[in-house]
Amino acid sequence: MKMVTVYLLGKMFSVPEDLTIMRAMEYSGFRLVRGCGCRSGFCGACAVVYRLKGQTETHSALACQTKVEDGMCVGRLESFPIKKMEYDMEDLPVAGNVVGQLYPEIYNCIHCNACTRNCPQGIQVMKYIALAQKGDYAGCAKESFRCVCCNICAASCPAKISHGPVGLLARRLMGKYIAKKSRHLEDRVKAIQEGKYIADVQRLMEADDDELRRLYEGRTIEK
Amino acid sequence: MIYTEEMRASQARVEATRSIRLSETLPRFTAEEKDVLLKQFHPDYHEDGFTRLSVGPNKGDQVPSELAVLLQGQSRMDEADVDVDHIQFETDVLVIGGGGAGAAAAIEAARHGAKVLMVTKLRLGDANTGMAEGGIQAADKEHDSPAAHYLDAMGGGHYKNIPELLSELVLRGPEAIQWLSSLGVLFDKERDGAMVTTHGGGTSYKRMHACGDYTGAEIMRVLRDEVRNAGVDVIEYSPAVELLLDGDGQAAGAVLYDFDTKEYHIVRAKSVILAAGGAGRLHYQGFPTSNHYGSTADGLVMAYRAGVPLLYAGAIQYHPTGAAYPPQIYGALVTEKVRSLDAMLVNKDGDAFLHPLETRDVVAAAIIRECQERNKGVYALHGQAVWLDTPMVDILHGEGTMEKRLPAMIHMYEKFGIDIRKQPILVYPTLHYQNGGICIGAKSETKIPGLYAAGEDVGGIHGKNRLMGNSLLDIIVFGRIAGTEAAAYSEQAHPGKGNLDHVRRFDEERAAAGITEKVLSPKLLPDYTHNRGTRG
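Residue numbers (the working numbering), protein chains in the order written: chain A, -16 to 206; chain B, 13 to 548.
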C-alpha cells in the first residue's frame, strides 16, 4: 500500500493513499466527535479546508468524500456560524421578495464566484443567489436543490452571505406556495378523515395469517 | 479506468447481455422459494451472529451479539458522580434525538403549546433520515388505497407487523405527505401538480413519493429549519445516557453527557420522547453499514435498562445494494430507486438472477447466494459482489432520467471516476435498518407512563422486514403522534423526583446472572481509530 504524508490539524501523519480525509484522521488515531456525520456526503458535517504542497490557493471539501493527497495540509470548518432568520411559514408573503427582505445581504454579492468554486456539490451557488435577488424562487429552488448545508460557501463569501438558509427558504416557499397542489392528495386526506377507508383496513386487521397470506399472494401489481 | 481488469472483463459481459435483458421480465419468487432462500442466506438466520439475553425484559430472546453486549452493558452512572437533584434544565417535553422522528415530535409538541427541549448526540439533523434517498410511501393515488398499503407492508413484514401500529401508518400516510408539503418539502410533481410516484420492492401500487434521490435530506433540512422556527430549545453534542424515573415509575427526565465539557447534566421533564435512531454502526456480523455515524442503538439500551421490552430486536434489514466498490464509499447506500427505475441485478456472467423488485430481505439473500453458493460474483474489496446495471435506467426511460431522478447517485460515483449512466456498479448487502425496537402502542406510548418512543428505535410497525419508503413515513406519522401525546400528557403530569433506581436494579440483575463485562453502554460512538472497523 502506497503511503502519503499529510498534515491533519497541524500534525504530520503517514497514511495509505486511498483513504478519504475522514478515514485518514481515524487511521491516525483521532476519535471523531465533531466534524463527522453521515459519512456519505449528505449531511455537510465534515467541511474541511486544505492546501496542497507548494500551492498558495486553499480548497474546501467534505472530508468523507475526498481522498488524501501527498503533502495535503488539512484544517476544519465545522460549526461555521451562519445567519438563519426565524419566520412563520404560515405567515410569509409570497409576493414581494421576502427572501431578499429577510436576507438583504444577498444584494451585497460582488460576483467573485468563490461560493460556486468551493461548493463540494458542484452547485452554481452564485447563480442561485442571483435568482434569489430577483425573487425567482423556482429557479433558486432548482439550482440550490442538492445543497447539503456544509456552509463552505458562507465561509468563503466576502459579502458575508449565508447562502444555505437563502436556498432553503426559497425551496420551502416553492414547495408550500408555488408548486401546484396535488388534487389526489387533498382528496385522499379528506376521504380518510370522512372515514371512507377505515373499514377496509379494519377487515385486514381482523384477518388471520392464512387469509392475509392468500390476499397477499393473490394481489395484482400495478404495471 | 478505476475498475480492475477482472471487473472490466465482467463488465463487458454485462454490456453484451444488456440488449436482450432490456425486454426480459424475470418471474417473482413463490412464497416457498422465498422461505428457503431467506433461511439459507439471510444473515438473520445465521445463528452464530446471535446471543440469548440473560437479563432484562426480553430475557431468553436472541438478538445480534453486538447488541446483546450493549443491552446487558454497564451504565455510566455506576462510576460517574451524578447528583440527580442538581437540575440544570427543566422542560415539559424532553425529546431525545435530533433526527426526523425527534424533529417531527418536537415541532408538534411545540405547536400544542408545550415547552420543548431537544437533546441530541451530534447536530440537529444528524441522523439516518437525511441519508434516506429513495422515497416515502403513502396511498394517495386514485386506484391505490390504505388497505393495499397495509397488505403490502404486512406481506413484506412476514405477517408480524402489529396491526394497530400498521393501520396508523397507512391511514395517516397521506396526511403525513400533506403535512410535509405544508412545511415546504419539495416533492417531485407532474405539471398538473400530481405527485410523481414509483414502485418500491414489494409494493402493489406506485406510491413512492420522492424529492429526486435526496428525499430524506430534503425532509430533514426542512424539519431542522422548522424546529428552529418553532422555538424548540436544542442542545447538541449532548447525548442522553440514562432515563430518570420517579418513585412511581413514571418518566421524570434524563441524564445527559456533554461531549465537550465531559460533564453530566440533569434534565427534569414531565414527559420524554425517545427518538434515538438505529444501530448500523454496531456492524452486526461484520457487515458494512449505510447508517449515520451515531447509529449505536442508544435508545434501545436506555429503554431496556428502564424495563421497557423490545420487539423483534433480532430482525435486521440488510439493504441489498450497498456500494461494494470503490473503497472510499464501501457500504454506502445505493438507493432502491435505481431498481424502481428498472435497473437489473446481474451476476459476473451478465445474467439477471431475480426480479429486481422483490422485498429487501429476499433481494439481499439472493445476492449473498449468488456470491457465496453459486460463485457468480465479481471479486471486489472484501469478497464477491454483483452488478447493478444502472445504464438500463436511461435506456428504458430516456436520456436525462438519471440526471433528474438520481442526481445524488451520479454525484457519489463521478467523484471516483465512474459514470453510472454509462457503467454498471458493484453492490453487496449493507447493514441498513433496525426492523425491531422499543415496544409501543398506537399512541407511541411505552409501558412507562410519560415515556414515548418514535422512529427507528421503535419496533413492530414493519414486522420483520420493512419495505422501502415506510421508514420516512413512520418517523413522520409516529413522530407527530408522540409529540402530540407527550405534550398532552405533560399538561396533567406532576412527576416526583427523578431517580436512577432502575439502573441499580438492572445492575443487581446483571450481577445475579453472572455478567461481569465492563462494556459501557449506551455506546454513543463507534470506535474507528487506528484502522479499526475499516470494513465499515
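C-beta: ideal position from N, C-alpha, C; glycine also.
Inset, instruction - Would you mind listing the alpha helix (DSSP H) stretches within the segment 386 to 425 of chain B that are 4+ residues and don't spill past its ends, in chain order? - result: 403 to 409 and 413 to 417
Inset, instruction - Just mark R517 (chain B) as buried or exposed, buried being the case when its beta carbon has 16 or more other beta carbons within 10 Å. - result: exposed
Legend entry - According to DSSP, residues forming a beta bridge with Q74 (chain B): B:R64
Legend entry - Through-space distance from C92 (chain A) to K133 (chain B), alpha-carbon basis: 36 angstroms
Legend entry - Distance CB(R17 (chain A))-CB(Y226 (chain B)) smaller than 8 angstroms: no
Inset, instruction - May I ask you to verify whether the segment 82 to 99 of chain A touches the segment 147 to 163 of chain A, counting CB pairs closer than 8 angstroms and requiring at least 3? - result: yes
Inset, instruction - Select from B:L443, B:M220 and B:V320 the residue whose C-alpha is nearest the C-alpha of D56 (chain B). - result: B:L443
Legend entry - Classification of K(-15) (chain A) by the beta-carbon crowding that lies within 10 angstroms, buried from 16 upward: exposed
Legend entry - Beta-carbon proximity check, V(-2) (chain A) vs Y10 (chain A), cutoff 8 angstroms: yes
Inset, instruction - Compute the distance between the beta-carbons of G169 (chain B) and H474 (chain B), then report whether it is under 8 angstroms. - result: yes
Legend entry - Euclidean distance between Cα positions of M220 (chain B) and M414 (chain B): 17 angstroms
Inset, instruction - List the whole-angstrom C-beta distance separating L345 (chain B) from M143 (chain B), where the pair is believed to meet the contact cut-off of C-beta under 8 angstroms. - result: 6 angstroms
Inset, instruction - Please check if any C-beta of chain A sits within less than 8 angstroms of the C-beta of Q190 (chain B). - result: yes
Inset, instruction - Alpha carbon to alpha carbon, how far is R293 (chain B) from G548 (chain B)? Give it in angstroms, no decimals. - result: Low local confidence applies: a pLDDT of 47 at G548 (chain B) is under 50, so the model's placement there is unreliable, with the coordinate-based value given in what follows. If I take the Cα positions, the gap works out to 8 angstroms.
Inset, instruction - Using only alpha-carbon positions, find the residue among A:N134, A:D192, A:V77 and A:F13 that is nearest to S62 (chain A). - result: A:N134
Inset, instruction - Answer yes or no: do N140 (chain B) and N359 (chain B) have a C-beta to C-beta separation smaller than 8 angstroms? - result: no
Legend entry - Start-to-end residues for the alpha helix (DSSP H) that takes in V184 (chain A): I181 to E189
Legend entry - Given 8 angstroms, three or more beta-carbon pairs between the segment 299 to 319 of chain B and the segment 528 to 537 of chain B: yes
Legend entry - Contact between the segment 472 to 486 of chain B and the segment 322 to 335 of chain B (3+ Cβ pairs under 8 angstroms): yes
Legend entry - Residue environment, S456 (chain B), which counts as buried when at least 16 other CB atoms sit within 10 Å: buried
Legend entry - Reference G410 (chain B); option with closest CA among B:H367, B:E102, B:R236 and B:D354: B:D354
Inset, instruction - Would you check if the distance between the CB atom of K498 (chain B) and the CB atom of S283 (chain B) is smaller than 8 angstroms? - result: The amino acid at residue 498 (chain B) is misidentified as Lys; the sequence shows Ala. Yes.
Legend entry - Distance between beta carbons of L156 (chain A) and V77 (chain A), contact taken as under 8 angstroms: 6 angstroms
Inset, instruction - Give, in chain order, every residue of the segment 229 to 244 of chain B whose Cβ lies closer than 7 angstroms to some Cβ of chain A. - result: A229, R233, V234, D237, R240 and N241
Inset, instruction - In the DSSP assignment, find the beta strand (DSSP E) that holds L138 (chain B) and state where it starts and stops. - result: Correcting the residue identity first, residue 138 (chain B) is Asp in this sequence and not Leu. It is not in any beta strand (DSSP E) - D138 (chain B) carries neither H nor E in the DSSP assignment.
Inset, instruction - Entirely within the segment 3 to 67 of chain A and at least 3 residues each: give me those beta strand (DSSP E) ranges in chain order. - result: 30 to 34, 41 to 45 and 56 to 59
Legend entry - Strand pairing of E176 (chain B), partner residues [DSSP]: For E176 (chain B), which the question treats as bridged, DSSP gives no partner whatsoever.
Inset, instruction - Kindly list the residues whose CB is nearer than 6 angstroms to the CB of A229 (chain B), restricted to its own chain and excluding five residues on each side of it in sequence; keep chain order. - result: G142
Inset, instruction - Taking only heavy atoms of the ligand COA into account, decide whether any of them is closer than 7 angstroms to the Cβ of A116 (chain B). - result: Looking for the ligand COA in the displayed structure turns up nothing, as the structure carries no ligands at all.
Inset, instruction - Indicate whether at least one CB of chain A lies closer than 8 angstroms to the CB of P534 (chain B). - result: no
Legend entry - In DSSP terms, what N511 (chain B) is bridged to: B:L257
Legend entry - Distance between beta carbons of Q190 (chain B) and L168 (chain A), contact taken as under 8 angstroms: 6 angstroms
Inset, instruction - Whole angstroms is fine: what's the gap from K388 (chain B)'s alpha carbon to I341 (chain B)'s? - result: 23 angstroms
Legend entry - Any beta strand (DSSP E) of 3 or more consecutive residues that is wholly inside the segment 110 to 164 of chain B: 128 to 131
Inset, instruction - For S194 (chain B), return the contacting residues in chain A, with the cut-off set at a CB-CB distance below 7 angstroms. - result: K159
Legend entry - Helix, strand or coil at V439 (chain B) according to DSSP, with G and I counted as helix: strand
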